[in-house]
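Asks:
In this note's numbering, the protein residues as written are 37 to 710.
1) List in chain order: all unbroken alpha helix (DSSP H) runs of 4+ residues lying wholly within the segment 272-301.
2) With DSSP as the reference, please indicate the residues paired to residue 384 in a beta bridge.
3) Is residue 367 near residue 488, with beta carbons less than 9 Å apart?
4) On the three-state DSSP scale, how would you describe residue 529?
5) Using only the alpha-carbon positions, how far apart do residue 353 and residue 360 sit?
6) Is the beta carbon of residue 280 closer than 9 Å to that of residue 612?
7) Could you tell me if residue 322 is buried or exposed, where buried requires 16 or more neighbouring beta carbons within 10 angstroms of its beta carbon?
8) Helix, strand or coil for residue 521, going by three-state DSSP, please let me know.
9) If we count the other Cβ atoms within 10 Å of its Cβ and call it buried at 16 or more, is residue 350 buried or exposed?
10) Counting Cβ pairs, one atom from each stretch, are 3 or more of them under 8 Å apart for the segment 400-418 and the segment 436-453?
11) Return the bridge partner residues of residue 419 from the DSSP annotation.
12) With distances taken between CB atoms, is the gap from residue 478 to residue 381 smaller than 9 Å?
13) Flag this pair as yes or no: are the beta carbons of residue 583 and residue 299 separated by less than 9 Å?
14) Looking at C-alpha atoms only, which residue of 387, 450, 397, 448 is the closest neighbour of residue 432?
15) Which class does residue 342 belong to by DSSP, given the choice of helix, strand or coil?
16) If we count Cβ pairs, one from each stretch, closer than 8 Å, do we get three or more for the segment 310-330 versus the segment 453-464?
17) Using the three-state DSSP reduction, which class does residue 512 fall into: helix, strand or coil?
18) Can you tell me which of the three DSSP states residue 74 falls into?
19) Sort 341, 38, 484, 42 by Cα distance to residue 81 and report the nearest one.
20) Using only alpha-carbon positions, find the residue among 385, 406, 384 that is nearest to residue 393.
21) With a floor of 4 residues, list each alpha helix (DSSP H) that falls wholly inside the segment 450-494, ordered by position along the chain.
22) Could you name the residues that DSSP lists as bridge partners for residue 578?
23) Can you look up residue 622 in the DSSP assignment and give me helix, strand or coil?
24) Can at least three beta-carbon pairs, one atom from the segment 536-545 and one from the segment 490-509, be found at a separation below 8 Å?
25) Check whether the segment 290-306 and the segment 575-592 are in contact - that is, three or more C-beta pairs closer than 8 Å.
26) Which runs of the alpha helix (DSSP H) spanning at least 4 residues fall entirely within the segment 38-64, listed in chain order?
27) Since residue 78 contacts residue 54 with CB under 8 Å, what's their CB separation in whole angstroms?
28) In terms of residue numbering, what span does the alpha helix (DSSP H) encompassing residue 358 cover?
29) Should residue 608 go down as buried or exposed, given a rule of 16 or more other Cβ atoms within 10 Å for buried?
30) Give me the DSSP bridge partner(s) of residue 505.
31) Would you identify the three-state DSSP class for residue 544, choosing helix, strand or coil?
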């Protein structure tokens with residue numbers, strides 16, 4: 037046993053001690069130093085070998101005298117040298133191929149048995165790699181060949197292990213030790229290094245290139261962002277919202293959790309022509325269901341109009357115009373009865389009307405209706421016309437005359453002049469105050485019917501606009517195809533309230549249907565805004581745009597018009613569709629690389645790793661590794677895709693576990709006895 041500390045105390049340097057121990061064990065210290073090992077590391081390694089040799093037990097009574105072996109002839113040595121050379125050559129070529137092929141076969145067997153990724157799977161792959169190397173390595177038959185092959189293998193093992201050589205060195209050592217039980221420790225050490233090489237090859241088959249490949253395979257733990265109860269509750273809420281739609285929808289794992297790694301996996305995998313097909317079908321199905329939800333809501337609304345022009349026709353021609361005609365006929369009939377009964381002959385004092393006209397006479401240029409009514413008083417003989425100072429004077433009249441003056445306001449007021457319309461409304465209000473409470477019951481009934489008509493059809497700007505034609509023409513003031521825009525999109529909440537009241541109170545069943553048509557067209561408008569882009573999915577359907585729908589909703593929801601038009605329940609359904617659309621069609625920033633650069637880089641890295649530049653392996657081995665890696669990778673991706681879509685239980689793809697090569701700063705332990 038060599039005492040290193042005593043040698044140091046005696047004044048010997050580490051370099052001198054290392055040289056001494058190297059000479060004792062026939063170790064190439066120069067090559068080890070060139071590889072980066074220090075003298076202290078060499079001393080520790082060589083001293084351990086010295087200690088191990090001194091600890092070999094000797095059985096009691098055993099003969100410790102070295103056994104003299106039969107001397108070998110020159111012919112034996114020549115034959116042995118040839119066998120050793122053949123063993124060395126086959127170990128460096130066929131042994132490497134056999135080891136790689138055995139490792140791949142072991143991996144496939146482990147996958148088939150469900151042991152891949154477990155310690156049992158590791159041992160299966162290691163054993164298969166060793167058997168593969170032995171099968172393609174020549175075994176020497178003569179004692180001289182076995183000794184020389186063992187010497188070559190032992191010398192190679194003294195070198196610092198390098199991946200492309202460990203398997204071959206192990207094969208040489210096994211070949212030499214096959215017929216020599218006395219050197220069993222050498223075989224064990226060689227087998228250990230072969231196991232290390234096989235495990236490393238298996239690691240390369242699963243993660244050939246870099247962390248990017250492992251990430252693509254899903255080897256990194258996939259945890260929800262935040263991993264808290266709040267995040268889980270949010271994911272469950274998203275799933276519940278999607279499932280509660282009129283046409284239920286299912287979310288993928290990434291869509292529900294909004295996990296950046298999971299969304300990135302789903303987005304990148306969807307680009308793969310074969311492996312991404314289920315994900316692409318899932319996206320297309322959800323895209324179709326978003327539109328189907330709107331179609332279902334339209335059907336539920338009871339709307340049947342095929343287009344916006346027909347909607348306008350049903351609102352105006354089927355709803356407003358017939359209703360106005362019925363109410364107008366009703367109040368006119370009541371006036372006629374009051375007239376026949378003599379109730380319209382009651383006296384009326386028009387002085388308040390003259391006072392109003394005089395007080396506003398300065399505005400006659402901006403509101404011509406003021407001058408028109410002043411002239412009307414003179415023409416009907418109930419007052420003096422324009423005097424020198426511009427004022428008018430009015431006396432007593434009958435209810436009939438007062439009603440005629442009121443009709444004149446409607447007849448002569450300028451619809452296109454807002455100021456004229458305002459003054460005309462005020463004049464009618466003055467006349468209504470003058471005549472309030474006069475006449476008999478028939479007149480009062482007629483007057484109430486007339487005021488109700490005015491409230492529903494005249495005092496509401498949007499209804500008045502829809503029913504009027506341009507003066508002097510038969511052209512509508514609002515074209516039928518513009519009715520929806522004038523009412524729903526551009527009308528105020530007050531305008532819509534008056535329109536709905538007019539349709540549902542005065543319009544009867546036709547009026548109710550007209551309002552349902554406006555509801556259906558509102559839903560159709562939202563759908564059109566969400567699908568008006570030119571892009572289509574793999575089924576040829578327009579791509580649903582969550583931003584487009586959101587903009588349309590905001591425009592309608594400024595003054596809570598959406599809820600007023602559709603009703604509270606249906607409006608909430610629309611908002612839920614919008615939320616689900618955001619989930620399935622949008623991604624957090626930086627989650628998905630739409631340029632496809634990542635997929636291209638991963639493919640390039642994988643190809644670079646498989647060409648031998650990064651591994652140093654022969655091309656036949658690389659071809660086998662490439663096929664095995666592709667199989668493992670595609671199998672892992674398929675499982676994860678199905679799990680993401682809820683079609684299979686989630687199986688986390690673990691990183692390979694096994695023996696790894698020793699760190700570069702440590703010499704490998706050796707049990708070889710010299």
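Cβ coordinates follow ideal geometry from the N, Cα and C atoms, glycine included. Nothing here was measured: the structure is a model prediction, and the numbers come from that model.
Replies: Checking against the coordinates, here is how it stands:
1) Those alpha helix (DSSP H) runs which fall completely within the segment 272-301 and span 4+ residues are 289-293.
2) DSSP output for residue 384 lists 433 as bridge partner(s).
3) The Cβ-Cβ distance between residue 367 and residue 488 falls below 9 Å.
4) It is helical.
5) Taking the straight line from one Cα to the other gives about 11 Å.
6) Yes, they are a contact pair.
7) Buried is the call here.
8) Here residue 521 sits in helix by DSSP.
9) Residue environment: residue 350 is assigned as buried (16 or more neighbouring CB atoms within 10 Å of its CB, all protein chains considered).
10) Yes: at least three Cβ pairs fall under 8 Å.
11) The partner list for residue 419 (beta bridge, DSSP) reads 430.
12) Not in contact: residue 478 and residue 381 (Cβ atoms no closer than 9 Å).
13) In terms of Cβ geometry, residue 583 and residue 299 do not form a close pair [threshold 9 Å].
14) Ranking the options by Cα distance to residue 432, first place goes to 387.
15) Residue 342: coil per DSSP, three-state reduction.
16) A contact is defined here as three or more CB-CB pairs under 8 Å, and the segment 310-330 fails this definition with respect to the segment 453-464.
17) Residue 512 sits in a strand when the DSSP states are folded into three classes.
18) Collapsing the DSSP output to three states places residue 74 in coil.
19) For residue 81, the nearest C-alpha among the options comes from 38.
20) Shortest Cα-Cα distance from residue 393 to any of 385, 406, 384 involves 406.
21) DSSP runs (the alpha helix (DSSP H)) wholly in the segment 450-494: 454-471, 477-489.
22) Checking the DSSP bridge columns, you'll see residue 578 partnered with 572.
23) Looking at residue 622 - three-state DSSP - the assignment turns out to be coil, as it is neither helix nor strand.
24) The segment 536-545 is in contact with the segment 490-509.
25) For the pair of segments examined, the segment 290-306 was found not to touch the segment 575-592: the number of CB pairs separated by less than 8 Å stays below three.
26) With a minimum length of 4 residues, the continuous alpha helix (DSSP H) runs that stay inside the segment 38-64 are 40-45, 50-61.
27) About 4 Å; that satisfies the 8 Å criterion.
28) It spans 357-376 - the alpha helix (DSSP H) in which residue 358 sits, taken as one unbroken run.
29) Classification of residue 608: exposed, given that the 10 Å Cβ count is below 16.
30) Under DSSP, residue 505 takes part in a beta bridge, and its partners are 512.
31) Here residue 544 sits in helix by DSSP.
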